[in-house]
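Protein sequences appear in the order of chains A and B.
Position 32 of the first sequence, counting from 1, maps to 32 under the working numbering, and the rest follow consecutively.
Positions in the second sequence are counted from 1; adding 213 to them yields the working numbering.
Even for Gly, the Cβ is constructed at its ideal location relative to N, Cα and C.
What follows is a set of notes on a single structure, which appears directly below.
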Amino acid sequence: MGFRVAHLSELASQSGVEGSTWIRVRKHFDIGAFGVNAYRAEEAGGRVIEEHTETGRSAGRHQELYFVAEGRARFSLGEDEVVAPAGTFVFVRDPETRRGAIAEEPRTVVLALGGRPGTPYSVSPWEEFGDAFPAYQAKDYAKAIELFRAALEKFPDSASGLYNLACCESLAGDRESALQHLSRAIELDDQFRQYAQSDDDFDSIRADSRFPA
Amino acid sequence: MSEKSYETAHVDELEALPVDDEGLVWRPVRRHFGIEAFGVNAYTATSAGDRVVEEHTEAQNEHEELYFVARGRARFTLDEETVDAPAGTFVFVAPETKRGAVAEEAGTLILGMGGKRGEAFAVSGWETSFAAYGYHRKGETERGVQLLREAVEREPGSWQGHYHLACLSALAGHREDALEHLASAVELDGEASRWASDDDDFAAVREEPRFRELVREPAAP
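Encoded structure:
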């Protein structure tokens, strides 16, 4: 491969959190040296960057550099807020700082670069598991199960991955697998016990005596 | 001393360092923020026709590079091919591919991001010498010399460090320093001698006997 060219508008994308669009830059080019994605909010007031830290279980303790490519974004960075018009770089050095961004103009696009100092780059769990979400949203549970299983091969102890797999298995009618994976998720992270109580995806298996209370 | 948890800067506020004689202006993003996880730079073109990515390969440090045309329009040359790249275009380039780009519009802005697959990121030595020469081109030669002196202090075993300091010292008119550092470079690696033999930066010291000795071909056995 000498080179590959693609326009932002041609790249595969999927729904991100709170109405944002996640544009799969790194995945398109199969970049292995650093993480890179783009996010778009269609409307002013829409979320463009999910609120997160880099210390969650699915995260990679990355330094992140954001670049506002189009529009204008209002970043929240810890306790602070910074308005960032197109052309602004926002570098978040500390993985513990909570960061997020809301669009202040329609069609705001932000590039995000990430990596961890002193460590070779590897794709973060959230990105691997992210592959399965479009299938889940399209109710193609067989496909979603396949993709969650593939990601779990790389990250076998991801509680959220196991939980989401259990949801799909429940929706697909595979009660045994759903119960098994849900139990394992809760074993790894007890907060999933709470989520399971009110998660519609488990309606078909909730009555089972083995369903975690 | 505590480092700030975050920093912001608009690309137009970053230092503008002229890199060559074709109008290439480097905005040292990684350097500005002290990013240690990946390489990232920005290049701006004042006029259509200005170079916006210098011609090079990344074969030596084996970096994959992703370019993003953030504003304007560029014409990339990738080995033998030409690619038109309007704003919003990504160009991903393998390390051994020769790449370069010229702005087709005034105000073109390109981001370049890079790193080596499978290895932790390490800052490239070229950054310091590019910054130093950038200061020189802006008429701040002494500032460039100072930067290179600090680099040599940090890495006294790097022949390229001594070599670049020798060049810029010569350009600054510090003839003794130029010869001293060229001697150090040659002592560390004979390659320095070959470089110096046709490097115009040494014009001010080319006639010096000491210089001639340093670039002399070794006697045939």
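Between the beta-carbon of Gly2(A) and the beta-carbon of Thr310(B), is there less than 7 Å? Taking the first residue of the first sequence as 1, we reach residue 2(A) at position 2. Taking the first residue of the second sequence as 1, we reach residue 310(B) at position 97. Yes, Cβ-Cβ distance for Gly2(A) and Thr310(B) is below 7 Å.
Which of the three DSSP states is assigned to Ser15(A) in this structure? In the first sequence, the residue the question calls residue 15(A) occupies position 15. Correct three-state label for Ser15(A): strand.
Cβ-based burial, Trp159(B) [other Cβ within 10 Å; buried from 16]: This structure does not reach residue 159(B), given that chain B is present from 214 up to 434, and the question cannot be answered.
Could you tell me which residues DSSP puts in a beta bridge with Phe303(B)? If you number the second sequence from 1, residue 303(B) lands on position 90. In the DSSP output, where bridge partners are listed per residue, Phe303(B) has Ala6(A) and Phe281(B).
First and last residue of the beta strand (DSSP E) that includes Gly35(A)? Locating residue 35(A) in the first sequence gives position 35, counting from the first residue. Gly35 to Ala41 is the extent of the beta strand (DSSP E) around Gly35(A).
The beta strand (DSSP E) enclosing His394(B), as first and last residue numbers: Within the second sequence, residue 394(B) is the residue found at index 181, counting from 1. For His394(B), no beta strand (DSSP E) segment is defined; the enclosing uninterrupted segment is the alpha helix (DSSP H) at Arg388 to Leu401.
Where does Gln63(A) sit, in a helix, a strand or coil, going by DSSP? Counted from its first residue, the first sequence places residue 63(A) at position 63. The three-state reading of DSSP puts Gln63(A) in strand, counting E and B together.
Give a yes or no on whether the C-beta atoms belonging to Thr119(A) and Ala333(B) are separated by under 7 Å. To locate residue 119(A), count along the first sequence from 1; it is residue 119. To locate residue 333(B), count along the second sequence from 1; it is residue 120. The Cβ atoms of Thr119(A) and Ala333(B) lie closer than 7 Å to each other.
Quick one: grab the DSSP three-state call for Val428(B). On the second sequence, position 215 is the one that residue 428(B) refers to. In this structure, DSSP gives Val428(B) a helical state, which the three-state scheme calls helix.
Considering only residues of the same chain and omitting the five flanking positions on each side of Ala314(B), which have a CB-CB separation below 6 Å? The residue you call residue 314(B) lines up with position 101 of the second sequence. Short of 6 Å from the beta carbon of Ala314(B), and not among the five residues preceding or following it, lie these beta carbons of its own chain, in chain order: Val265, Val266, Ala287 and Phe289.
Straight-line Cα distance separating Leu324(B) from Arg388(B): Here residue 388(B) corresponds to residue number 175 of the second sequence, with the count starting at 1. Here residue 324(B) corresponds to residue number 111 of the second sequence, with the count starting at 1. Roughly 38 Å between the two C-alpha positions.
Which residues in chain A have a C-beta closer than 7 Å to the C-beta of Thr310(B)? List them in chain order. By 1-based counting over the second sequence, the position of residue 310(B) is 97. Those are Gly2 and Phe3, listed as they occur along chain A.
Short-range partners of chain B found in the region 13 to 27 of chain A, where Cβ spacing is below 8 Å: So the close ones are Val25.
Have a look at Gly173(A) and Ala142(A) and give me their C-alpha separation to the nearest angstrom. The count along the first sequence starts at 1 and reaches residue 173(A) at position 173. The count along the first sequence starts at 1 and reaches residue 142(A) at position 142. Distance between the alpha carbons of Gly173(A) and Ala142(A): 10 Å.
By Cβ distance below 7 Å, which residues in the same chain neighbour Arg284(B) in space, the five residues on each side in sequence not counted? Along the second sequence, one-based indexing puts residue 284(B) at 71. So the qualifying residues of the chain are Ala300, Gly320, Thr321 and Leu322.
Would Thr53(A) count as contacting chain B if we go by Cβ distances under 7 Å? Taking the first residue of the first sequence as 1, we reach residue 53(A) at position 53. So, not an interface residue.
Quick one: what's Met326(B) bridged to in DSSP? Reading the second sequence from its first residue, position 113 is the one you call residue 326(B). Paired residue(s): Val253(B) and Leu279(B).
Which of helix, strand or coil does DSSP assign to Ser410(B)? Stepping through the second sequence from its first residue, residue 410(B) is reached at position 197. Three-state result, Ser410(B): helix.
What separation, rounded to the nearest whole angstrom, lies between the Cα atoms of Met214(B) and Gln63(A)? Counted from its first residue, the second sequence places residue 214(B) at position 1. Counted from its first residue, the first sequence places residue 63(A) at position 63. Its pLDDT being 44, under 50, Met214(B) is placed unreliably by the model, and the measurement read from it follows with that caveat. Going by the C-alpha atoms only, they are around 19 Å apart.
Check the Cβ-Cβ distances between Thr259(B) and every residue of chain A, and say whether any is below 7 Å. Your numbering for residue 259(B) matches position 46 in the second sequence. Taking 7 Å as the CB threshold, Thr259(B) stays off the interface with chain A.
Please report the distance separating the alpha-carbon of Ala33(A) from that of Pro422(B). Position 33 of the first sequence, counting from 1, holds the residue named residue 33(A). Position 209 of the second sequence, counting from 1, holds the residue named residue 422(B). So the two alpha carbons sit approximately 48 Å from each other.
Ala38(A) and Ile23(A) - do their beta-carbons sit closer together than 7 Å? Within the first sequence, the letter at position 23 stands for residue 23(A). Within the first sequence, the letter at position 38 stands for residue 38(A). For Ile23(A) and Ala38(A), yes; Cβs fall inside 7 Å.
What does His375(B) touch in chain A if you count any residue whose Cβ is under 7 Å from its own? Residue mapping note: residue 375(B) aligns to position 162 of the second sequence, counting from 1. The contacting residues do not exist; His375(B) stays about 28 Å from chain A at best.
Closer than 7 Å between beta carbons: that is the criterion. Which residues of the region 178 to 203 of chain A meet it against chain B? Those residues of the region 178 to 203 of chain A that come within reach of chain B (Cβ to Cβ, closer than 7 Å) do not exist; the list is empty.
What does Arg330(B) reach in chain A if we use C-beta pairs closer than 9 Å? Taking the second sequence and counting its residues from 1, the one referred to as residue 330(B) is at position 117. Those within 9 Å of Arg330(B) in chain A are Ile31, Gly32, Ala33, Pro120 and Tyr121.
Give me the residue from Trp372(B), Trp408(B) and Glu317(B) with the minimum Cα distance to Gly338(B). The sequence position of residue 338(B) within the second sequence is 125, counting from 1. Comparing Cα-Cα distances from Gly338(B) to each of Trp372(B), Trp408(B) and Glu317(B), the minimum goes to Trp372(B).
Verify whether the separation of the beta carbon atoms of Val109(A) and Ala84(A) is less than 7 Å. For the purposes of this step, residue 109(A) is taken as residue 109 along the first sequence, with counting starting at 1. For the purposes of this step, residue 84(A) is taken as residue 84 along the first sequence, with counting starting at 1. No, Cβ-Cβ distance for Val109(A) and Ala84(A) is not below 7 Å.
Length of the line joining the Cα atoms of Arg61(A) and Arg93(A): The sequence position of residue 61(A) within the first sequence is 61, counting from 1. The sequence position of residue 93(A) within the first sequence is 93, counting from 1. The alpha-carbon atoms of Arg61(A) and Arg93(A) are separated by roughly 10 Å.
Give a yes or no on whether the minimum CB-CB distance between Val306(B) and chain A is below 7 Å. For the purposes of this step, residue 306(B) is identified with residue 93 of the second sequence, where counting begins at 1. Answer yes: the Cβ-Cβ gap between Val306(B) and chain A drops below 7 Å somewhere.
When the Cα atoms are used, what is the spatial distance from Thr53(A) to Val418(B)? Along the first sequence, read from residue 1 onward, the residue named residue 53(A) stands at position 53. Along the second sequence, read from residue 1 onward, the residue named residue 418(B) stands at position 205. Answer to the nearest angstrom: the Cα atoms are 56 Å apart.
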